[in-house]
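Since the structure comes first, as structure tokens, the remarks are kept for the end.
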Amino acid sequence: MLDTVFLLKRFMYSSEDVLKKELLDLRESVLGKQVIETETIEFVDYASKLPQELEKKLVLDFPSKEDYIPRPIDEEVDSWFGEWNEKRSGSFAIVGGRGVGKTAFLKHHAQKGTLLMHLERMSDERELIYAFSKALKLQCSSISQLITKLNKKKRAIFIDDCHLLFLRKIGGFDLIKTLFYLIEVTQKNVLWVTTWDKYSYYYLNEVLKLSLLFSKVKVIPGMGERELKFLITRVFESTGLAIRISASREYAKTHRVVNAKKLESELWAQIAKVSEGNPLAALQYVKHSVMYDKKRVTLQNVRALDMDDLLSDAEDRIFAVSTILFHSALSAQDFAVIMGLERVEAKIILNDLHFKRIIIKEGNYYRAPIIILPLLEGVLKKYNILTENV
4 MLDTVFLLKR
14 FMYSSEDVLK
24 KELLDLRESV
34 LGKQVIETET
44 IEFVDYASKL
54 PQELEKKLVL
64 DFPSKEDYIP
74 RPIDEEVDSW
84 FGEWNEKRSG
94 SFAIVGGRGV
104 GKTAFLKHHA
114 QKGTLLMHLE
124 RMSDERELIY
134 AFSKALKLQC
144 SSISQLITKL
154 NKKKRAIFID
164 DCHLLFLRKI
174 GGFDLIKTLF
184 YLIEVTQKNV
194 LWVTTWDKYS
204 YYYLNEVLKL
214 SLLFSKVKVI
224 PGMGERELKF
234 LITRVFESTG
244 LAIRISASRE
254 YAKTHRVVNA
264 KKLESELWAQ
274 IAKVSEGNPL
284 AALQYVKHSV
294 MYDKKRVTLQ
304 NVRALDMDDL
314 LSDAEDRIFA
324 VSTILFHSAL
334 SAQDFAVIMG
344 LERVEAKIIL
354 NDLHFKRIII
364 KEGNYYRAPI
374 IILPLLEGVL
384 KKYNILTENV
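Take the sequence shown: its position 281, counting from 1, is numbered 284 in this note's numbering, and each next residue is one higher.
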């Protein structure tokens, strides 16, 4: 699970709570909710114990000034603070598809003192009031009390994923309408910047006329070729693997002229087109390219540290195994070397993992589209891998 979690965290630039929500959305159809929550707790606990060298190598802390990719509307968004400080009303909507960086966008533009909230699905008005009261550190039991306290001083509030308030049931618009009312009567004192899923916004705008509430509505397009290449390359390199796009001998034989730069450009353009600018979809495309387009795409080990120095104990080695299984494929020999085992013992363990459907076997290699860490650890504990100093 760890490699999947890190990828989600890098792409979503999320807090632990937001990350937990993404995991729930991703796996609730396969596993029970309680199991997923347990996984997340175990992941956070495990990650906190990683050696400093491994943490620096594998964890990216987005966003930072050098990692944020500038967008054409950045300057305009910064001007919203100026307009609001000049006592103009301030309520704005940022619209975009999943994975285009709406959360990162909010974090990048949040100035000192800005409150950044992420909305969860709620069932009634009391939960909405409680969420605002907790975030603002106010004691409020009604919308009227919340409005009164919000209007007492100027503040900026950025709210992520407002569309989650819409419940697909009879009366499911009630919380959205409550939020609209709250924004409408406080926007002279409060700068509201909100984010919305693209298709949810278009639907709600047809029904509730959202655009009439906001001073401006800006759409963040999907990421372009350059942005996707930057992000995905960073993700792979953070785990010690680099994407190499070049023509194999077989490919070169069937193409009279092979320009390496042109080949790379064409592939990234194809990735951007197929994924529609969604980095999560683009990542899956790259993973499939690594597995199946071996004539053009390969992974190369670029670890700056020696494997034996980097992986100091059994849990670190298991993390490395899960990363390689997720990004590429692992042979019994590779597994034996990383875990410090005899080849025969390594093959027995891999076959056990395969029998329990934790990993998939393809020829002489093993891979895992999604690693469930507790299941992986459970099998390894049976062989005393986690209790020995390997």
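Think of the CB as a built atom: it goes at the ideal place given N, C-alpha and C, for glycine as much as any other residue.
Look at the alpha carbon of residue i and the alpha carbon of residue j, and state the distance between them as a whole number of angstroms.
| i | j | result |
| --- | --- | --- |
| Asp200 | Ala371 | 30 Å |
| Ala275 | Glu128 | 41 Å |
| Gly116 | Glu228 | 34 Å |
| Phe338 | Leu270 | 31 Å |
| Lys3 | Arg101 | The structure shown does not extend to residue 3, since the chain is modelled only from 4 to 393, so the question has no answer here. |
| Leu178 | Leu149 | 15 Å |
| Gln142 | Tyr205 | 35 Å |
| Tyr288 | Lys105 | 22 Å |
| Ser136 | Leu211 | 26 Å |
| Ala245 | Ile363 | 23 Å |
| Lys385 | Leu131 | 46 Å |
| Lys219 | Trp83 | 10 Å |
| Val277 | Leu231 | 12 Å |
| Val324 | Ala349 | 12 Å |
| Glu267 | Lys140 | 51 Å |
| Glu78 | Phe176 | 33 Å |
| Cys165 | Glu89 | 26 Å |
| Asn387 | Asn367 | 25 Å |
| Met342 | Lys264 | 38 Å |
| Glu365 | Phe108 | 40 Å |
| Val103 | Asp81 | 19 Å |
| Leu167 | Val340 | 47 Å |
| Leu215 | Met125 | 24 Å |
Taking the alpha helix (DSSP H) that residue i falls in, what are its first and last residues?
| i | result |
| --- | --- |
| Lys364 | Taken as a continuous stretch (DSSP letters only), Lys364 belongs to no alpha helix (DSSP H), being part of the beta strand (DSSP E) at Ile363 to Glu365. |
| Ala113 | From DSSP, Ala113 is part of no alpha helix (DSSP H); its letter is neither H nor E. |
| Ile186 | Asp177 to Thr189 |
| Val347 | Arg346 to Phe358 |
| Glu279 | Note, Glu279: premise wrong, no alpha helix (DSSP H); not H, not E. |
| Gln148 | Ile146 to Leu153 |
| Lys212 | That residue, Lys212, is in no alpha helix (DSSP H); it is neither H nor E in DSSP. |
| Ser136 | Glu128 to Leu139 |
Where do the N-terminal and C-terminal ends of the beta strand (DSSP E) with residue i fall, by residue?
| i | result |
| --- | --- |
| Arg158 | Arg158 to Asp163 |
| Phe95 | Ser94 to Gly99 |
| Leu194 | Val193 to Asp200 |
| Lys219 | Lys219 to Val222 |
For residue i, which beta-bridge partners are listed by DSSP?
| i | result |
| --- | --- |
| His121 | Asp163 |
| Ser334 | Tyr368 |
Exercise for the section: Determine, using beta-carbon pairs with one atom in the segment 111-131 and one in the segment 222-232, whether at least three such pairs fall under 8 Å. Expected result: Counting Cβ pairs under 8 Å, fewer than three are found: no touch.
Problem - Inter-stretch contact at 8 Å, needing at least 3 Cβ pairs: the segment 144-160 / the segment 180-189 - result: In short, these stretches touch, since the Cβ pair count reaches three.
Handout entry: Three-pair Cβ contact test at 8 Å for the segment 192-211 versus the segment 93-101
Key = Yes, since at least three Cβ pairs between the segment 192-211 and the segment 93-101 fall closer than 8 Å, the two stretches touch.
Handout entry: Cβ pair count under 8 Å reaching 3, the segment 352-364 against the segment 379-387
Key = They touch, by the three-pair rule.
Handout entry: Inter-stretch contact (C-beta, 8 Å, three-pair minimum) for the segment 231-238 and the segment 276-286
Key = Contact between the segment 231-238 and the segment 276-286 is present: 3 or more CB-CB pairs across the two stretches fall below 8 Å.
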